[in-house]
Amino acid sequence: MTGDEAGSRAQRVAVIGGDGIGPEVLREALKVVAAAGVVLEITDYDLGADHFLRTGEVLTDETLDELRGYDAILLGAVGPPVGDNSVPPGTLERGLLLRMRFELDLYVNLRPFTGVPGSIAEGADFVVVRENTEGSYAGEGGFLRKGTPGEVATQGSVNTRFGVERCVRFAFDLARERPARRLTLVHKTNVLTFAGDLWSRAVQDVAQEYPDVAWDYNHVDAACIYLVEQPRRYDVIVTDNLFGDILTDLAGAVSGGIGFAASANLNPDRTGPSMFEPVHGAAHDIAGQGRANPLAAIVSAALMVEHLGHLDAGARIREAVRACIDIGSDSSSAIGDAVAERL
Ligand code: IPM
Ligand code: MN
């Protein structure tokens, strides 16, 4: 589909370059999107650690409301340098990233992995559907007697039948569209007997509606071994927020490196914009040197243009990335140019 086919009005995208290598990798991603013929109206938002240190603001209600009006949000990376204590831990994570995920109801965090040649997962092609609004990320808990020897800290995990079921249903829908039509629930039902039970029943029940999708279950610790030893066994993995966070770093590592890992924070009901971001962080250690791998950002942008209806452009970008996968040691702009030239 071209820009015209997706509607006459140019689609509006809020771009949050963020910190460290974020703006550098997004520059390449937007270059590639333009080369694919997708016309977007871009508005830059200055948010992240730098912005917080200058203004004391993380994400105001006004800015969040503005963001609701876009067709999509593209985010580079946010966070201060490792070891820099000027931004208290959790400030940006909770105040910006998780706030957008929760308030924009981005309830699916979709993370596709294709093992690059030479990686442990070479030949594997799977997608992790991570629940993105609940679990231990919900922020339930607190302190008692903080700072005393009798201190207590609790951190609960929130699992609603509604929240789990809609995520599971998304995963089954996705599995149904893929050639292998397989789904694996990953959890820790032998220990997390309440949350695990709810997840298991949700999968069993929803599975009745998808007789054409084969499903099984792995404990999360076993899934870590399988990801390293037999990654090709997976097609669609569905899992909770924290397991999904950890598993997708491992999946990125075995698939060729986190520099290739893309993600889509989706509002599948389209009641607002979805947000697209590479899985990697701000990597301040290599920022400003033009040597960050932009492929994760480029694939994230491909997921974005697909979500916006430009299915053909998204597929072409992904194909071009596949063709450029072994030039990962070039400069960011050389990689961006190489992908753009193949379109
Ligand atoms: C990710 C990141 C975030 C998460 C952090 C930055 C809050 O690690 O997107 O995987 O834990 O979800
Ligand atoms: Mn993570």
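Sequential numbering of the sequence shown, starting at 6, is according to this note's numbering. Each residue gets a CB set at the ideal place from its N, CA and C atoms; glycine is no exception.
Practice task
Closer than 6 Å by C-beta to Asp130: which residues in its own chain qualify, once you throw out the five before and the five after it? Chain order, please.
Solution key: Residue numbering aside, residue 130 sits at position 125 when the sequence shown is read from its first letter. Excluding positions up to five away in sequence, the list reads Thr119.
Practice task
For Gly23, write down the residues that DSSP places opposite it in a beta bridge.
Solution key: Translated into the one-based positions of the sequence shown, residue 23 becomes position 18. DSSP, once it has assigned bridges, lists Ala82 as partnering Gly23.
Handout entry: Neighbourhood of Val169 by C-beta distance below 7 Å, restricted to the same chain and skipping five residues each side
Key = Against the sequence shown, residue 169 aligns to sequence position 164. Contacts found: Glu136, Leu203, Trp204, Ala207.
Handout entry: Cβ pair Leu313, Tyr142 closer than 9 Å
Key = Counting from 1 along the sequence shown, the entry for residue 313 is found at position 308. Counting from 1 along the sequence shown, the entry for residue 142 is found at position 137. In this structure, Tyr142 does not lie closer than 9 Å to Leu313 by Cβ.
Handout entry: 7 Å Cβ shell around Glu234 - same chain, five flanking residues per side excluded
Key = Position 229 of the sequence shown, counted from the first residue, corresponds to residue 234. Same-chain partners within the cutoff: there are none.
Problem - Endpoints, alpha helix (DSSP H) assigned at Gln209 - result: Residue mapping note: residue 209 aligns to position 204 of the sequence shown, counting from 1. Its alpha helix (DSSP H) spans residues 200-212.
Handout entry: Cβ shell of Ala126 (< 6 Å), same chain only, five flanking positions each side left out
Key = As a position in the sequence shown, residue 126 is number 121, starting the count at 1. Here the set comprises Gly120, Pro236, Val259, Ser260.
Exercise for the section: Name the one or two DSSP bridge partners that Pro117 has. Expected result: The residue given as residue 117 occupies position 112 in the sequence shown. BP columns for Pro117 point to Val132.
Practice task
Buried or exposed for Phe177, please, with buried defined as at least 16 other CB atoms from any protein chain shown within 10 angstroms of its CB.
Solution key: Position 172 of the sequence shown, counted from the first residue, corresponds to residue 177. Buried.
Practice task
Assign Gly88 to buried or exposed, taking buried as 16 or more other Cβ atoms, counted over all protein chains shown, within 10 Å of its Cβ.
Solution key: Stepping through the sequence shown from its first residue, residue 88 is reached at position 83. That one is exposed.
Problem - Near the ligand MN: Val83 beta-carbon under 8 Å from a heavy atom - result: If you number the sequence shown from 1, residue 83 lands on position 78. No, the Cβ of Val83 stays beyond 8 Å of every heavy atom of the ligand MN.
Exercise for the section: Indicate the three-state DSSP secondary structure (helix, strand or coil) for Asn246 in the structure shown. Expected result: Numbered from its first residue, the sequence shown carries residue 246 at position 241. If DSSP states are grouped into helix, strand and coil, Asn246 belongs with the helices.
Exercise for the section: Note the first and the last residue of the continuous alpha helix (DSSP H) segment covering Phe57. Expected result: Position 52 of the sequence shown, counted from the start, is the residue given in the question as residue 57. First-last of the alpha helix (DSSP H) with Phe57: 54-60.
Handout entry: Reference Thr159; option with closest CA among Arg166, Leu149, Thr48, Arg347
Key = Position 154 of the sequence shown, counted from the start, is the residue given in the question as residue 159. If we check each option's Cα against that of Thr159, Leu149 comes out closest.
Handout entry: Within 9 Å, strictly: CB atoms of Leu102 and Leu79
Key = What you label residue 102 is simply residue 97 of the sequence shown in a count that begins at 1. What you label residue 79 is simply residue 74 of the sequence shown in a count that begins at 1. Against a cut-off of 9 Å, the Cβ pair of Leu79 and Leu102 comes out as no contact.
Handout entry: Pair within 9 Å by beta-carbon distance, Gly22 and Gly53
Key = For the purposes of this step, residue 22 is taken as the residue at position 17 of the sequence shown. For the purposes of this step, residue 53 is taken as the residue at position 48 of the sequence shown. Going by C-beta atoms, Gly22 is nearer than 9 Å to Gly53.
Problem - Under 9 Å between C-beta atoms of Ala256 and Val134 - result: Mapped onto the sequence shown, residue 256 falls at position 251. Mapped onto the sequence shown, residue 134 falls at position 129. Taking 9 Å as the Cβ cut-off, Ala256 and Val134 do not qualify as a contacting pair.
Problem - Cβ-heavy atom distance, Val284 to the ligand MN, below 8 Å - result: Here residue 284 corresponds to residue number 279 of the sequence shown, with the count starting at 1. Because some heavy atom of the ligand MN lies under 8 Å away, the Cβ of Val284 counts as near it: yes.
Exercise for the section: Give the straight-line distance between the Cα atoms of Met309 and Thr189, rounded to the nearest whole angstrom. Expected result: The residue labelled residue 309 in the question sits at position 304 within the sequence shown. The residue labelled residue 189 in the question sits at position 184 within the sequence shown. For Met309 and Thr189, the distance between alpha carbons rounds to 25 Å.
Handout entry: Thr253 CB to nearest heavy atom of the ligand IPM below 8 Å
Key = Residue 253 sits at position 248 when you count from the first residue of the sequence shown. The answer is yes for Thr253.
Handout entry: Status (buried if at least 16 other CB within 10 Å, exposed otherwise) for Asn195
Key = In the sequence shown, residue 195 corresponds to position 190, counting from 1. Looking at its Cβ environment, which holds fewer than 16 other Cβ atoms inside 10 Å, Asn195 is exposed.
Exercise for the section: Would you be able to state if there are at least three C-beta pairs under 8 Å between the region 24-32 and the region 61-72? Expected result: no
Practice task
Assign Asn90 to buried or exposed, taking buried as 16 or more other Cβ atoms, counted over all protein chains shown, within 10 Å of its Cβ.
Solution key: To locate residue 90, count along the sequence shown from 1; it is residue 85. Answer is exposed; the Cβ neighbour count stays below 16.
Handout entry: The alpha helix (DSSP H) enclosing Gly341, as first and last residue numbers
Key = Position 336 of the sequence shown, counting from 1, holds the residue named residue 341. Gly341 -> alpha helix (DSSP H) spans 337-346.
Practice task
Mark Ala328 as exposed unless 16 or more other C-beta atoms lie within 10 angstroms of its C-beta, in which case mark it buried.
Solution key: Residue numbering aside, residue 328 sits at position 323 when the sequence shown is read from its first letter. With fewer than 16 Cβ atoms within 10 Å of its Cβ, Ala328 is classed as exposed.
Handout entry: beta-carbon Glu98 near the ligand SAH non-hydrogen atom, thresh 8 Å
Key = Of the ligands this structure carries, namely the ligand IPM and the ligand MN, none is the ligand SAH.
Exercise for the section: Spatial neighbours of Gly128 within its chain, please: CB distance less than 7 Å, with the 5 preceding and 5 following residues excluded, ordered by chain position. Expected result: Translated into the one-based positions of the sequence shown, residue 128 becomes position 123. Here the set comprises Gly120, Arg237.
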